[in-house]
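Enquirer: Let me begin by handing over the structure; questions about it come next.
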Amino acid sequence: MSCVKLDWKDDLVAAALAAFVMAVLVSTVGNLGYARDEGFYFYAADAYGQWFELLFKNPGAALERKAIDNAWRVNSEHPGFVKSLFALSHLLLQKKLHVFSMEGTSYRFPGIALAGFAVALVYRFGAEVRGRMAGLFAATALLLMPRFFYHAHLACFDVPIVTMFLLSVYAYWKSLRHGGWAWPVATGISFGLALDTKHNAWFLPILCIVHASVLVLRAKASGRDPKPLLHRALTTLGCMAVLGPLVMYAFWPWIWHDTLPRLRAYANFHLHHEYYNMEFFGQTYWRPPMPRLYSLVMTAATVPMVTLALVAMGLIVCGRKEVKRLRGEGTHHDDAGVFLLWLCGAGISYGAWVFPTTPIFGGTKHWMTAYPFLVLFAGTGFSYLATVLRLELRRSKLERLRQAARGILPVCALFALAIAAPVAETRGSHPWGLSSYTPLVGGAKGAASLGLNRTFWGYTTGAVVDYLNREVPKNGTVYVHDTSWPAWEMLSKDGRLRKDIRGTGTVHEAMFALYHHEQHMQGQEYQAWVAYGTVQPVHVAGIDGVPVIWVYRRK
Amino acid sequence: MKWARAALVFVAVLGVVELGLHVHHAKKSPNAEDWSRLAEAVMQERRDGDVVVVAPLWADPLARQALGDGVFPLRDVARPDMSRYATAFEIGVLGQTSSELGGFRELSRRNAGPFTLRRLENPNYIPIVFDFVDNLEAGRVTVRVTDPAANCTFTANARPIAGGLGGHPTFPKKRFECPGGFFFNVSQTVIADRDFRPRRCVWAHPPNKGEVVVRFSDVPLGNVIRGHGGMYWMIEREGRGASVFVSVRVDGMEVGKYEHRDGDGWSSFEMPLGAHAGKKNAVVEFFVSSKNNQHRHFCFEADSR
């Protein structure tokens, strides 16, 4: 595999892709309600924001232990880097510059920007390895995964860790290819940022060690000198070992004091995480054993079928090249083992979900770090099929088709065919991202009939604010169900929800009750039936005719 | 290259097929207009006494929104089981039928737009003579605890209390309030059972010591007292609590005892009435107790038939 040397035009394409993604996400963020966890991160970001303000005004006071601990204790079960970005974005873009029409968007913007960066990086990675067409298709396919598209809007860590994970892997790959110090240092820094984003980063050293070990063994087996490769790998791993923790430490003030106990508490929180409920084929799982096929089935049910077919195509193409390379056939130089790296990147992201003790409550977001690698294979598959198409057209007896083979039109047509369904599915999924399913399971209706999770996180409150604004009397009360308080309050701050409408924590205190459907939440609906003396919802909203959230009104 | 050509054709065709399927699934009826038009057909086909069942279950809120409490009374929506109904009326969409009606015999079938409307009869129906949940009201019912002995006062206008997210079922405004706090009340409520299904029942949290006794007077009896017991799902599934016992006495004589163990789910009991069968105005008492009453969010329903 000979790699493509990228130039300024590729930088331009990557920048255009990032800008396009950010523009699409910002333009569609307005009707997406706030997820439960976003509410907690708004609260944390506000606490960190106050600390940053103090830091800018009076650095000495901000750096006192009491000030640090008071601010950074909030949500200390997650690292601080991305929440710091939420805080700084809010301070700068909203409070100072008033960039966005809704306050919540300022918290979401760093996640949106990192989503744009992820798509751009996928383009670069794909283009460099397999050509520009592969990169472009891979980048497009990532954006057109409905679940990725949903998470890309949020002030959460799931898309940021996708970006940081991919960035670390890309920098590691460049280190192996080019040697020197720049890329190993970049790998160490990006690994540190990943560590300071989400705990998925813990898998990165394993990925790199396994990958480097296989490459060294492969070099030995094929009679090549493994020392240069070993040297580059050790340099990179050394940078990760040294710079990773340093960067994490630098950007997370919470661990500036009592470092080891606080790191231990952070690790223990995730290693012994509580099991929440998640429905899968009509059964709510809440303790081990969890279904081993959950991650694979959910991937198949939520990633567009044509994308998955192209992933399979890419795997076949890469597999064939690998076999030829091992046999010493052809001229496939792959000294940095990029296909193996992509495979490891996807594999390790799914790996934890093979174990029946791994919680499944987060749905597809937990293994989303695999998706850039899946689409890189899809890009490879697409690029291969584009080549096949051109060859077939050149062999055609029709002169017009032979001429067409020289132009861009046939490949554009194939591109359009391959993204038409993902475009429609992603467009149709908004603002119901977590309720969307592909035709493989019959769409949203089929998934509901199969008993796949309808929604979680209580974010679909955003889809009924128009109804509430219209129907709730002045100073009226609404039971918010699964919506977290800061998420509810943000709808009000945004001006999306009337400011006089008050949220309550129980149905009996309220005139209206929201119900976000999850199998294990149904008792909430029954609470409303008894309290309000009716089983008739006054408003039902959902995707493709499948109810996701509905509203009861006291009779 | 043959396989490569085939792969090219496959991906191209898949792209078109997937797009078509997506559009088909997204647009597939019923839509909001179909649901709003359903009322007329249901009025024509449904008979008084038919319990209305929706298949698939996820469409139930849409049917309730369209047809209202008249077609979906709470007592039917949160039914204990199907055995108490002579006839059922099924609203089916997407060709689906309800597994709850598996033993029923189809009487009629009609297509109304995207809906399939079926009337069915229960071949094993035995009429209910008395429903204890329906009749939980002051006048006919008294409630007391035994240790220490105290009466539970009925109030018709208490403040309803719901547990909120992850909390207890709603305790309605009409309830018997026993000593020990609001959990120790006896009232009609709806629990989410172990399988999350709604069950309308008599909330009867056993007291710390002794029993809570729910006494019904002037009860006409059939041949058996039949019922179910269950607990709020979150507690039931933990499997850590003590058993709850329900002793049923008719005119002072025990006719049966039911034990509910965590994990049993919404489980049934049936107690033959023997010499009490057919009485016109018996006194029926339910004695509810547990050796350890921590988190015993017990709820039962019963009838005589």
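Protein sequence lines correspond, in order, to chains A and B.
Using numbering that gives the first Met the number 0, the first residue of the first sequence is number 0, and each one after it goes up by one.
Using numbering that gives the first Met the number 0, the first residue of the second sequence is number 0, and each one after it goes up by one.
We put the beta carbon where it would ideally sit given N, CA and C, even for glycine.
Here the structure is a predicted model, which means the values were calculated and not measured.
Which residues in chain A have a C-beta closer than 9 Å to the C-beta of B/L73? List them in chain order.
Expert: Mapped onto the second sequence, residue 73 of chain B falls at position 74. Here the neighbours are W528, V529, G532, T533, V534.
Enquirer: For A/T283, which of helix, strand or coil comes out of DSSP?
Expert: In the first sequence, counting from the first residue as 1, residue 283 of chain A sits at position 284. Strand at A/T283.
Enquirer: In this structure, does DSSP put A/H177 in helix, strand or coil?
Expert: If you number the first sequence from 1, residue 177 of chain A lands on position 178. The answer is helix: DSSP assigns A/H177 an H, G or I state.
Enquirer: Using beta-carbon positions only, say whether B/F170 and B/N156 come within less than 8 Å of one another.
Expert: Taking the first residue of the second sequence as position 1, residue 170 of chain B is located at position 171. Taking the first residue of the second sequence as position 1, residue 156 of chain B is located at position 157. Going by C-beta atoms, B/F170 is not nearer than 8 Å to B/N156.
Enquirer: Counting Cβ pairs closer than 8 Å, one from the region 247-263 of chain A and one from the region 336-353 of chain A, do we hit at least three?
Expert: Touching, no.
Enquirer: Taking B/Q293 as the query, report the chain A residues whose CB atoms sit under 9 Å from its CB, ordered along the chain.
Expert: By 1-based counting over the second sequence, the position of residue 293 of chain B is 294. The premise fails here: B/Q293 is roughly 20 Å from chain A at the closest Cβ pair, so nothing lies under 9 Å.
Enquirer: Helix, strand or coil: how does DSSP classify B/I190 here?
Expert: On the second sequence, position 191 is the one that residue 190 of chain B refers to. The answer is strand: DSSP assigns B/I190 an E or B state.
Enquirer: Could you check how far apart the C-beta atoms of A/F148 and A/L142 are, in whole angstroms? I think they sit under 8 Å.
Expert: The residue you call residue 148 of chain A lines up with position 149 of the first sequence. The residue you call residue 142 of chain A lines up with position 143 of the first sequence. Sure, about 7 Å apart at Cβ, within 8 Å.
Enquirer: Given a threshold of 16 other Cβ atoms within 10 Å of its Cβ, counted over all protein chains shown, does B/E32 qualify as buried or as exposed?
Expert: As a working mapping, residue 32 of chain B is identified with position 33 in the second sequence. Answer is exposed; the Cβ neighbour count stays below 16.
Enquirer: Please report the straight-line C-alpha distance between A/K492 and A/K498, rounded to a whole angstrom.
Expert: For this step, residue 492 of chain A is matched to residue 493 along the first sequence. For this step, residue 498 of chain A is matched to residue 499 along the first sequence. So the two alpha carbons sit approximately 8 Å from each other.
Enquirer: Find out if the Cβ-Cβ distance for the pair A/L16, A/A138 is shorter than 8 Å.
Expert: Residue mapping note: residue 16 of chain A aligns to position 17 of the first sequence, counting from 1. Residue mapping note: residue 138 of chain A aligns to position 139 of the first sequence, counting from 1. Yes, the Cβ-Cβ distance between A/L16 and A/A138 is below 8 Å.
Enquirer: Specify the secondary structure class of B/N121 as computed by DSSP and reduced to three states.
Expert: By 1-based counting over the second sequence, the position of residue 121 of chain B is 122. In this structure, B/N121 counts as coil in the three-state DSSP scheme.
Enquirer: Mapping DSSP to helix, strand and coil, what is A/E278?
Expert: Working through the first sequence from its first residue, we reach residue 278 of chain A at position 279. Three-state DSSP puts A/E278 in a strand.
Enquirer: Does the beta carbon of B/N156 come closer than 8 Å to any beta carbon on chain A?
Expert: The residue given as residue 156 of chain B occupies position 157 in the second sequence. By this cut-off, B/N156 is not an interface position.
Enquirer: Taking Cβ-Cβ distances shorter than 8 Å, what residues in chain A pair up with B/D68?
Expert: Here the question's residue 68 of chain B lines up with position 69 in the second sequence. Near B/D68 (Cβ distances below 8 Å), the residues of chain A are T533, V534, Q535.
Enquirer: Need the endpoints of the alpha helix (DSSP H) that A/L342 sits in, please.
Expert: Looking up residue 342 of chain A in the first sequence gives position 343. Note, A/L342: alpha helix (DSSP H), 337-350.
Enquirer: In terms of residue numbering, what span does the alpha helix (DSSP H) encompassing A/G103 cover?
Expert: Residue 103 of chain A sits at position 104 when you count from the first residue of the first sequence. That run of the alpha helix (DSSP H) goes 102-129.
Enquirer: Can you tell me which of A/M277, A/L384, A/R176, A/L375 puts its alpha carbon nearest to the alpha carbon of A/M289?
Expert: To locate residue 289 of chain A, count along the first sequence from 1; it is residue 290. Of A/M277, A/L384, A/R176, A/L375, the residue nearest in Cα terms is A/M277.
Enquirer: Assuming B/N280 is part of the beta strand (DSSP E), what are its boundary residues?
Expert: Working through the second sequence from its first residue, we reach residue 280 of chain B at position 281. B/N280 -> no beta strand (DSSP E), and no H or E assigned at all.
Enquirer: Under DSSP, the alpha helix (DSSP H) around B/A313 begins and ends at which residues?
Expert: Only positions 0 to 304 of chain B appear in this structure, which leaves residue 313 of chain B out of reach.
Enquirer: In this structure, what does DSSP give as the bridge partners for B/Y257?
Expert: Position 258 of the second sequence holds residue 257 of chain B. For B/Y257, which the question treats as bridged, DSSP gives the partners B/V245.
Enquirer: Across the region 288-297 of chain B and the region 225-239 of chain B, are there enough close Cβ pairs to call them in contact, namely three or more that are closer than 8 Å?
Expert: Yes, since at least three Cβ pairs between the region 288-297 of chain B and the region 225-239 of chain B fall closer than 8 Å, the two stretches touch.
Enquirer: How would you label B/F215, buried or exposed, when you count the other beta carbons within 10 angstroms and need 16 or more for buried?
Expert: Position 216 of the second sequence, counted from the first residue, corresponds to residue 215 of chain B. Label assigned to B/F215: buried.
Enquirer: List, in order along the chain, the chain B residues whose C-beta lies closer than 8 Å to that of A/E391?
Expert: For the purposes of this step, residue 391 of chain A is taken as the residue at position 392 of the first sequence. Residues of chain B passing the Cβ test: R4, L7.
Enquirer: Applying a beta-carbon distance threshold of less than 7 Å, which residues of chain A neighbour B/L333?
Expert: Residue 333 of chain B is absent from the structure shown; chain B starts at 0 and stops at 304.
Enquirer: Measure the CB-CB distance between A/A70 and A/W50 and report whether it falls below 8 Å.
Expert: Counting from 1 along the first sequence, the entry for residue 70 of chain A is found at position 71. Counting from 1 along the first sequence, the entry for residue 50 of chain A is found at position 51. Yes, they are a contact pair.
Enquirer: Using a Cβ-Cβ cutoff of less than 7 Å, which residues in the same chain neighbour A/H507 once the five nearest sequence positions on both sides are dropped?
Expert: On the first sequence, residue 507 of chain A is found 508 positions in, with the first residue counted as 1. Here the set comprises A530.
Enquirer: Leaving out the 5 sequence neighbours to the left and right, which residues in its chain are closer than 7 Å to B/V12 when beta-carbon positions are compared?
Expert: In the second sequence, residue 12 of chain B corresponds to position 13, counting from 1. Contacts found: none.
Enquirer: Would you call the region 102-110 of chain A and the region 79-89 of chain A touching, i.e. three or more CB-CB distances under 8 Å?
Expert: With the cut-off at 8 Å, the region 102-110 of chain A and the region 79-89 of chain A touch.
Enquirer: Residues in its own chain within less than 6 Å of A/R389 by CB, not counting five upstream and five downstream?
Expert: Taking the first sequence and counting its residues from 1, the one referred to as residue 389 of chain A is at position 390. Result list for A/R389: A404, in chain order.
Enquirer: Tell me, to the nearest whole angstrom, how far the beta carbon of B/R174 is from that of B/G264; I am working on the premise that it is less than 8 Å.
Expert: On the second sequence, position 175 is the one that residue 174 of chain B refers to. On the second sequence, position 265 is the one that residue 264 of chain B refers to. Not a contact, Cβ separation roughly 25 Å.
Enquirer: Check each candidate in B/A203, B/A65, B/V144 and name the one with the smallest Cα separation from B/A301.
Expert: The residue you call residue 301 of chain B lines up with position 302 of the second sequence. Ranking the options by Cα distance to B/A301, first place goes to B/A203.
Enquirer: How close, in whole Å, do the beta carbons of A/T454 and A/H538 come, if the pair is a contact with beta carbons under 8 Å?
Expert: Taking the first residue of the first sequence as 1, we reach residue 454 of chain A at position 455. Taking the first residue of the first sequence as 1, we reach residue 538 of chain A at position 539. Not confirmed; about 16 Å, so no contact.
Enquirer: Of all the residues that make up the region 383-417 of chain A, which are near chain B by a beta-carbon distance shorter than 8 Å?
Expert: For the region 383-417 of chain A, which is checked against every Cβ of chain B, the residues closer than 8 Å are Y383, L384, V387, L388, L390, E391, L413, L416, A417.
Enquirer: Report the neighbours of A/D36 on chain B: residues whose CB is nearer than 8 Å to its CB, in chain order.
Expert: To locate residue 36 of chain A, count along the first sequence from 1; it is residue 37. Correct list: empty, because the minimum Cβ distance to chain B is about 15 Å.
Enquirer: If the criterion is Cβ atoms closer than 8 Å, does the pair A/V81 and A/P159 meet it?
Expert: The count along the first sequence starts at 1 and reaches residue 81 of chain A at position 82. The count along the first sequence starts at 1 and reaches residue 159 of chain A at position 160. Their beta carbons are under 8 Å apart, which means A/V81 touches A/P159 by this criterion.
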